[in-house]
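*Asks:* Sharing a structure with you now.
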Amino acid sequence: MKNLEELRKLREKAQKEIQLRSKDAKIKVVVGMGTSGIAAGAREVLKAFITEINQKNLTDVMVTQTGEKGMSSMEPIVEIHEEKKPVIIYGDMNPSKVKKVVEEHIVNGKVVEDYLISMEEK
Amino acid sequence: MAHRLNVLVCSGASCISNDSLKVKEAMLAEIDRLGLNKEIKVIETGCMGPCQLGPVILVYPDETLYKKVQVEDVREIVEQHFLKGRPVERLMYKSPLTDELVHKSSEVDYFQKQVKIVLANCGNIDPESIEEYIAVGGYEALGKAVTEMTPDTVLNEIKISGLRGRGGGGFPTHMKWMFTKNEKSDEKYVICNADEGDPGAFMDRSVIEGDPHTLIEGMAIAGYVVGASKGYVYVRAEYPLAIERLQKAISQAKDVGFLGEKIFQSDFSFDLEVRVGAGAFVCGEETALIHSIEGKRGTPRPRPPYPSASGVWGKPTVLNNVETYANVRHIILNGGAWMAKIGTETSKGTKVFALSGTIKNTGLAEVPMGTTIRELIYDIGGGAPEGHEIKAVQLGGPSGGCVTPEYFDTPIDYESLTQLGAMMGSGGVIAMDETACMVNTAKFFLDFTCFESCGKCTPCRVGLKQMYGLLDKITKGEGEEGDIEALEKLGNTIKTTALCGLGQTAPNPVLSTIKYFRHEYEEHIHDKKCRALVCKDLISYEIDAEKCKACTLCAQKCPVDAIRGQRGVIHVIEQEKCVSCGSCYDVCPFGAVQRLSGEN
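Keeping their order, the protein sequence lines are chains D and W.
The first sequence begins at 1 in our numbering and counts up by one.
The second sequence begins at 1001 in our numbering and counts up by one.
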């Protein structure tokens, strides 16, 4: 360990591993993982989100799951929560759509209208 | 690769004894079975605090807190929660106040009034991973101190912070450091006292088990200030897990270069060694501790000279408690003024308390100085279990004293507690309800200090034994007029004449119980009555003929055949034969056996 600079670099690397435990995630991705969601491929969608987010090094995004949303025909369903913004709900998701959502919505803040099924005001 | 879920399994000693490690193994196997390895990281952490809920598991990012998790529950948690995202409600924490599920650990009542500085990392990071410690800002304070600050500026921050010794004495830390710094010597030493011996105190153990690097960093900074290049951590052998994790942490710190030669390429070199004590209470006294490190018999010596002038190997030595060192990095990172804002006029920062006894929430709690005793034992501790009432709390273990409810609004700081006849001590808080006999409690502590007395000075060796004899006599119903006064006289004499802190404080539990519960002593002596129904020789058992169903259960259990009667014939206890063992009381399904004291 030579100096503080080196320590800080080491810290940045290490922080990625524990970022889940910090409370400053700005965007929360919630994947519906009810029985029908899983049957429709929600796990692949969830994995795709994790992969994309890791690849893009997005540290302020948190991926989590929830139960049945009650719209089985639209599964897999994904909600994007962001502070002071309406909750965006996407339906009929798959890994390639995930890629687009991450690129356009999560990185650039533009809702992907093609996949949008509803917006919920908080 | 980052993970989707972090599962923190508490592996403080308390949760481990409740099989948390088996739960962890089962969890890993289940996660493996479902192919979730890459998404979920399972981490062992140090003590999270709410020990009565153990084994405790905390799941991030949702902050779901699971309590009392058993191996059988693991499959459900992994399948339902980790895979499908449906937290298992039956295992989640419920607020005892509203009976509602608490969805986030930070909303648990137990944590709400707490301010975590010393314990910030405990239960939040993997204590065996130096990377996780670095991720939460670890070793930044050491780097900052040795590369950007002089020993004097570091010392000044400690002074501004108002930090005082957390081992109980409350001596200003900056003064200890300054005395050692000002000594001229070719060698100086830094020692950490982790010989936590008070019954009911486990905060030092938890800090070392949960966040060992914090201690290492604090000690290294102390070494930089006083000009020491070598340090010892004196840990009792009864803390195997703490020793193991500390040793691992020291070797990690050496590998990365936070310990060793030329730290952060400065001229400062520092090395640490763990010394394991054999568990003698007196070795928590600083001069005895130093003797023990040197391989000598662990007995104290008169001071001065203080360790700051002549400590281990006769060299200037700074000696602080675990919790004191654990505060240091926060002071360096946030500035002394930051800490000085927390607490009261004379006591700054926070204090970690270990709550035990008849209290709902046992465990560790860190609160700002100035929090009242009431807030600590009711708002955080949850008060006594249903149907009971707290009649006193013992603060500071065998060196401290008890405090009664009328003083519960006293703010916790060094001076206020001493004024009450108790002391901050290391932070042990033992709550007692009406089922505790205060004379017997005092006897318990005296028994402990008599056993632990090193025997070097007469007041402690002989005097405590005399006091114990009097207490024993009183609890056996043989107390006489004048015994209380004799106890007071002995106690006050020992306090002023004993050689070290052990003897000087050992009479406190007796003196404070006499002060606040003199009537209980008097009842024992004059009425041969123990109102708490604890002192065996003052208790008799009788069978209530109205309630007795003549089932013979008690007669079968009686070890001395003192119960007359047979099926269909109401039972009677023959008092001459009875040895007051209480077996009949415990076994009677109808509550017909009554425990009495001082009735005749």
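Idealized CB from N, CA, C, for every residue including glycine.
Using a cut-off of 9 Å between C-beta atoms, extract the partners of Lys2/D located in chain B.
*Replies:* Reference to chain B is not applicable here, since the protein chains of this structure are D and W.
*Asks:* Give me the residue from Ala1486/W, Cys1554/W, Val1352/W, Asp1409/W with the minimum Cα distance to Lys1202/W.
*Replies:* This sequence places Phe at residue 1202/W; Lys is not what is there. Cα-wise, what sits closest to Phe1202/W is Val1352/W.
*Asks:* By a C-beta neighbour count over all protein chains shown, 10 Å radius and 16 as the cutoff for buried, is Trp1313/W buried or exposed?
*Replies:* Exposed.
*Asks:* Measure the beta-carbon distance from Ser1399/W to Gly1357/W and round it to whole angstroms, keeping in mind my assumption that it falls under 8 Å.
*Replies:* With 8 Å as the limit, Ser1399/W and Gly1357/W do not qualify as a contact, their Cβ atoms being about 17 Å apart.
*Asks:* Can you find the residues in the same chain that come closer than 6 Å, C-beta to C-beta, to Asn1018/W, ignoring five residues on each side of it along the sequence?
*Replies:* Result list for Asn1018/W: Gly1054, Pro1055, in chain order.
*Asks:* Helix, strand or coil: which one does DSSP assign to Asn1018/W?
*Replies:* Note: Asn1018/W maps to coil in three-state DSSP.
*Asks:* Could you work out which residues of chain W lie near Ala14/D, taking near to mean beta carbons separated by less than 8 Å?
*Replies:* Correct list: Glu1131, Glu1132, Ile1134, Ala1135.
*Asks:* Mapping the DSSP letters down to three states, classify Cys1500/W as helix, strand or coil.
*Replies:* The answer is coil: DSSP assigns Cys1500/W none of H, G, I, E or B.
*Asks:* Using only the alpha-carbon positions, how far apart do Thr1173/W and Asn1320/W sit?
*Replies:* So the two alpha carbons sit approximately 8 Å from each other.
*Asks:* So what does DSSP say about Ala1365/W, is it helix, strand or coil?
*Replies:* Strand at Ala1365/W.
*Asks:* Count the C-beta pairs between the segment 1033-1049 of chain W and the segment 105-112 of chain D that are closer than 8 Å, then say yes if the count reaches three, no if not.
*Replies:* The segment 1033-1049 of chain W, when compared against the segment 105-112 of chain D, does not touch it at the 8 Å Cβ threshold.
*Asks:* Relative to the C-alpha of Tyr1066/W, which candidate in Val1009/W, Lys1341/W, Leu1083/W has its C-alpha closest?
*Replies:* With distances taken between Cα atoms, Tyr1066/W lies closest to Val1009/W.
*Asks:* For His1003/W, go through chain D and note every residue whose CB falls closer than 9 Å to its CB, in chain order.
*Replies:* Here the neighbours are Glu17, Leu20, Ile50.
*Asks:* Name the one or two DSSP bridge partners that Asp1271/W has.
*Replies:* In the DSSP output, where bridge partners are listed per residue, Asp1271/W has Lys1230/W.
*Asks:* Going by DSSP, what residues sit across from Tyr90/D in a beta bridge?
*Replies:* DSSP, once it has assigned bridges, lists Val78/D, Leu116/D as partnering Tyr90/D.
*Asks:* At 3 residues or longer, what runs of the beta strand (DSSP E) sit wholly inside the segment 1120-1203 of chain W?
*Replies:* The qualifying runs are 1189-1194.
*Asks:* Could you tell me the distance, in whole angstroms, from the CA atom of Tyr90/D to the CA atom of Ser1105/W?
*Replies:* Between Tyr90/D and Ser1105/W, the C-alpha separation is close to 30 Å.
*Asks:* Taking any Cβ of chain D, which residues in the segment 1074-1094 of chain W have a Cβ under 8 Å from it, in chain order?
*Replies:* The segment 1074-1094 of chain W vs chain D, Cβ under 8 Å: Leu1083, Lys1084, Gly1085, Arg1086.
*Asks:* So if I threshold CB-CB distances at 8 Å, which residues from the segment 1060-1071 of chain W count as touching chain D?
*Replies:* Answer set for the segment 1060-1071 of chain W: Tyr1060, Pro1061, Asp1062.
*Asks:* If you draw a straight line from the alpha carbon of Gly1463/W to that of Leu1490/W, how long is it in whole angstroms?
*Replies:* Rounded to whole angstroms, Gly1463/W to Leu1490/W spans 7 Å at the Cα level.
*Asks:* From the DSSP output, in three-state form, read off Pro1411/W for me.
*Replies:* Here Pro1411/W sits in strand by DSSP.
*Asks:* Could you check whether the Cβ of Thr1214/W sits closer than 8 Å to any Cβ belonging to chain D?
*Replies:* It does not: the Cβ of Thr1214/W has no partner Cβ on chain D nearer than 8 Å.
*Asks:* Cys1548/W: which of Tyr1224/W, His1526/W, Tyr1585/W, Trp1177/W sits nearest, CA to CA?
*Replies:* Nearest option by C-alpha distance: Tyr1585/W.
*Asks:* Mind checking who Phe1353/W pairs with in its DSSP beta bridge?
*Replies:* According to DSSP, Phe1353/W bridges with Ala1365/W.
*Asks:* Roughly how many angstroms lie between the CA atoms of Met1001/W and Asn54/D, to the nearest whole one?
*Replies:* At Met1001/W the pLDDT is 48, less than 50, meaning the model places this residue with poor confidence; the figure from the coordinates comes in the next sentence. Rounded to the nearest angstrom, the two C-alpha atoms are 7 Å apart.
*Asks:* Excluding five sequence neighbours on each side, which residues of the same chain lie with their C-beta closer than 6 Å to the C-beta of Lys26/D?
*Replies:* Only Asp60 meet the Cβ criterion.
*Asks:* Would DSSP call Met1001/W helix, strand or coil?
*Replies:* At Met1001/W, the pLDDT of 48 sits below 50, so the modelled position is not reliable; the number obtained from the coordinates is stated separately. In the structure shown, Met1001/W sits in coil (DSSP, three-state: anything other than H, G, I, E or B).
*Asks:* Need the endpoints of the beta strand (DSSP E) that Ala1431/W sits in, please.
*Replies:* Ala1431/W -> beta strand (DSSP E) spans 1428-1433.
*Asks:* For Leu1395/W, name the three-state secondary structure that DSSP assigns.
*Replies:* Strand at Leu1395/W.
*Asks:* So, are the CB atoms of Tyr1407/W and Ser1347/W less than 8 Å apart?
*Replies:* No, the pair does not count as a contact, with Cβ atoms beyond the cut-off.
*Asks:* To the nearest angstrom, how far is it from the Cα of Lys97/D to the Cα of Val63/D?
*Replies:* If you take the alpha carbons of Lys97/D and Val63/D, they lie about 16 Å apart.
*Asks:* Under the assumption that Gln1114/W contacts Ala1365/W (Cβ atoms under 8 Å), give the Cβ distance between them as a whole number of angstroms.
*Replies:* Contact holds; Cβ gap of about 6 Å.
*Asks:* Taking Ile1221/W and Val1154/W to be in contact with their CB atoms under 8 Å, please state how far apart those CB atoms are, rounded to whole angstroms.
*Replies:* That pair is a contact at about 7 Å.
*Asks:* How big is the Cα-Cα spacing for Val1256/W and Met1/D?
*Replies:* Cα-Cα distance, rounded: 6 Å.
*Asks:* When the cut-off is 8 Å and only beta carbons count, does Glu1157/W lie next to chain D?
*Replies:* Glu1157/W does not count as touching chain D.
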